[in-house]
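Structure follows, in structure tokens:
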């Protein structure tokens, strides 16, 4: 059953080949058997999953099942889930039982999906390797000496090893697309504002966006149908209509204009990755697409601007963790200031502390204009580059990450080298655009992702473009032999 | 711009984040590396460019000024480190 896509499992449930309880047990068994090698889950919610599955079977028997009723899914541990530990990968929230559901979780529950558990992640979503988790690193199912990417590394590894048919993720600078690329799955970061941020623990609020991580573009479309939509509880949620993302999956790509930014194919790009991307582009030409060379001249500024804006927002968002209302509290504080400082000093890991400090510095008196305001202006330049490009092309393509993967520990000692691995994804968050990564080959035995960037609210087209490629290739159907 | 040890101590205080004396040199070195990366921004010509706060330049929505939330104090206090009689407990602030 785990060799089926989400769509395939929905079919199997609809035709009564399997019940939701059987399916849920199957995936829970796989988690028990294989997750000790991967560490992709922080919490497995077995009892609740079986209850949800039984309810889904009852609903189906009563003729009340929707398309995804009874299909299992995993949620990144950044989404609040009522009565279940929501740790955000941090010691700070190791004791935090969320008192409410995130909107995304609420929508998934309403659609009848069954939550298997909560997936591992970089602490507070700050990282590109899943090594900053308080619960230990996640391993890449294709080679357990390698990282799965991050920050949604647990979701990526769980889907890649088919411990869950699909999962949710969040993406602030590439945290859905980069692990999707490194782990060989399909991941979509929607347009900023498309999916509600309510109940999603905040990292950088002007950049954070949730999206689906799945085996195929078709599965991602089914999930986005559930996840997307206006939410009055999210002050930056966009109130525009949600299309049926599955309706246009098979549209022809004849005449599609694909922009290739020359800045995405320069120094620093691994030759094996570049070959996979070029091969994928040739497939698109066969499907009728036209290639247009474009330029995004401010790409190189996206990482420096991000490392002002994201930490600045994080330093503000993470000020809520004060040891008073919820989360970790240090032992025997001398006074209130000691309580704040030690609770935060002991509760946060190194990378989180670094970003809080950088953000605090960038926002402090005398430095605001030079750092924060300057970064916001550069952010506008990055967006303007994309606006100019989308006047000429329908989608933009390139690599998702500059390399196929890196070893555990390889970049841990040098934060800046880790930051640079997000060079192709960060500018998309800065502009607020949707982006997708799909498996497009291998380099040195590790998966390589092709990134497709779309114009604002053009997720349907991204999914269509990705789906047509997956109709003529089979990278997305392959799973690592050790987890077959 | 390289940071000095006392700068980091000051920033850590502003962030109410304990960084021990033993940790400060290594933290200072790493933060300086990150600031070096950030310095690349200074070379970008941005005269006349409007700062961008929101990807689609949306403005804040307003809602009707009516009560919409229910009282969930007990739920929220259940997850607090220390409470008494519905109040959050912290070390004594006023002697």
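Residue numbers (this note's numbering), protein chains in the order written: chain A, 1 to 484; chain B, 485 to 579. For every residue, glycine included, the Cβ atom is placed at its ideal position computed from N, Cα and C.
How about residue 427/A and residue 401/A: are their beta carbons less than 7 Å apart?
On the first chain, residue 427/A is found 427 positions in, with the first residue counted as 1. On the first chain, residue 401/A is found 401 positions in, with the first residue counted as 1. Not closer than 7 Å, so no.
Please tell me whether residue 512/B has its Cβ less than 7 Å away from any Cβ of chain A.
For the purposes of this step, residue 512/B is taken as the residue at position 28 of the second chain. So no, residue 512/B is outside the interface.
Answer with yes or no whether the minimum CB distance from residue 571/B to chain A is below 7 Å.
Within the second chain, numbered from 1, the residue matching residue 571/B stands at position 87. Cβ-Cβ to chain A under 7 Å: no for residue 571/B.
Sort 105/A, 372/A, 381/A by Cα distance to residue 301/A and report the nearest one.
Position 301 of the first chain holds residue 301/A. Taking only the C-alpha atoms, the option nearest residue 301/A is 381/A.
Out of 480/A, 248/A, 354/A, state which residue places its alpha-carbon closest to the alpha-carbon of residue 519/B.
As a working note, residue 519/B is residue 35 in the second chain. Residue 354/A holds the alpha-carbon nearest to the alpha-carbon of residue 519/B among 480/A, 248/A, 354/A.
Could you name the residues of chain B that residue 360/A contacts, counting a contact when the two beta carbons are closer than 9 Å?
To locate residue 360/A, count along the first chain from 1; it is residue 360. Chain-order list of chain B residues neighbouring residue 360/A: 495, 496, 498, 499, 501, by C-beta distance under 9 Å.
Please determine if the region 222 to 237 of chain A and the region 137 to 155 of chain A are in contact, where contact requires at least 3 C-beta pairs separated by less than 8 Å.
Using a Cβ-Cβ distance cut-off of 8 Å, the region 222 to 237 of chain A and the region 137 to 155 of chain A are not in contact, since fewer than three pairs of beta carbons, one from each stretch, lie closer than that value.
If we define contact as Cβ-Cβ less than 7 Å, is residue 549/B a contact residue for chain A?
Taking the second chain and counting its residues from 1, the one referred to as residue 549/B is at position 65. With 7 Å as the cut-off, residue 549/B does not count as an interface residue toward chain A.
Along the region 373 to 406 of chain A, what residues have a CB closer than 8 Å to any CB found in chain B?
373, 374, 375, 376, 377, 378, 379, 380, 381, 383
What span of residues does the beta strand (DSSP E) with residue 213/A cover, start to end?
One-based indexing of the first chain puts residue 213/A at position 213. Per DSSP, residue 213/A belongs to the beta strand (DSSP E) from 209 to 214.
With DSSP run on the structure shown, which of helix, strand or coil describes residue 442/A?
Along the first chain, one-based indexing puts residue 442/A at 442. Strand at residue 442/A.
Run through chain A and tell me which residues come within less than 7 Å of residue 563/B, C-beta to C-beta.
The residue labelled residue 563/B in the question sits at position 79 within the second chain. Here the neighbours are 96, 97, 99, 326.
Compile a chain-ordered list of the residues in the region 283 to 312 of chain A whose CB is closer than 9 Å to at least one CB of chain B.
If the cut-off is 9 Å between Cβ atoms, the region 283 to 312 of chain A has 298, 300, 301, 303, 304, 305, 307, 308, 311 near chain B.
Measure the alpha-carbon distance for residue 206/A versus residue 64/A and round it to whole angstroms.
Numbered from 1 along the first chain, position 206 holds the residue referred to as residue 206/A. Numbered from 1 along the first chain, position 64 holds the residue referred to as residue 64/A. In a straight line, the C-alpha of residue 206/A is about 38 Å away from that of residue 64/A.
Hey, out of 286/A, 142/A, 340/A, whose CA is closest to residue 540/A's CA?
Outside the shown range of chain A, which is 1 to 484, sits residue 540/A, and nothing can be said about it.
Taking only three categories from DSSP, how would you classify residue 115/A?
Here the question's residue 115/A lines up with position 115 in the first chain. Residue 115/A: strand per DSSP, three-state reduction.
Would you kindly work out how many angstroms separate the C-alpha atoms of residue 492/B and residue 512/B, rounded to a whole number?
Position 8 of the second chain, counting from 1, holds the residue named residue 492/B. Position 28 of the second chain, counting from 1, holds the residue named residue 512/B. Cα to Cα, the separation comes out at about 6 Å.
Just checking: is the beta-carbon of residue 335/A within a distance shorter than 7 Å of some beta-carbon in chain B?
For the purposes of this step, residue 335/A is taken as residue 335 along the first chain, with counting starting at 1. For residue 335/A, the closest Cβ of chain B is nearer than 7 Å.
In or out: residue 240/A buried (at least 16 other Cβ within 10 Å) or exposed?
Position 240 of the first chain, counting from 1, holds the residue named residue 240/A. The residue is exposed, with fewer than 16 neighbouring Cβ atoms inside 10 Å.
Could you tell me if residue 472/B is buried or exposed, where buried requires 16 or more neighbouring beta carbons within 10 angstroms of its beta carbon?
Nothing can be reported for residue 472/B, as the shown portion of chain B is limited to 485 through 579.
When we look at the beta-carbon of residue 477/A and count the other beta-carbons within 10 Å, is it buried (16 or more) or exposed?
The count along the first chain starts at 1 and reaches residue 477/A at position 477. So residue 477/A ends up on the exposed side.
Between which residues of its own chain and residue 248/A is the CB-CB distance below 6 Å, once the five residues before and five after are set aside?
Here residue 248/A corresponds to residue number 248 of the first chain, with the count starting at 1. 460, 464.
Under 7 Å, Cβ to Cβ, is there at least one residue of chain B near residue 188/A?
For this step, residue 188/A is matched to residue 188 along the first chain. It does not: the Cβ of residue 188/A has no partner Cβ on chain B nearer than 7 Å.
Give the residues of chain B in contact with residue 236/A, contact being defined as C-beta atoms less than 8 Å apart.
As a working note, residue 236/A is residue 236 in the first chain. Think of a sphere of 8 Å around the beta carbon of residue 236/A: the chain B residues whose beta carbon falls inside it are 538, 542, in chain order.
If you reduce the DSSP assignment to three classes, tell me which class residue 390/A lands in.
Translated into the one-based positions of the first chain, residue 390/A becomes position 390. Note: residue 390/A maps to helix in three-state DSSP.
Could you give the uninterrupted runs of the beta strand (DSSP E) lying entirely in the region 64 to 146 of chain A, keeping only those of 3 residues or more?
Listed in chain order, the complete beta strand (DSSP E) runs (minimum 3 residues) inside the region 64 to 146 of chain A are 72 to 76, 114 to 119.
In this structure, does DSSP put residue 41/A in helix, strand or coil?
Stepping through the first chain from its first residue, residue 41/A is reached at position 41. Residue state, collapsed to three classes: strand.
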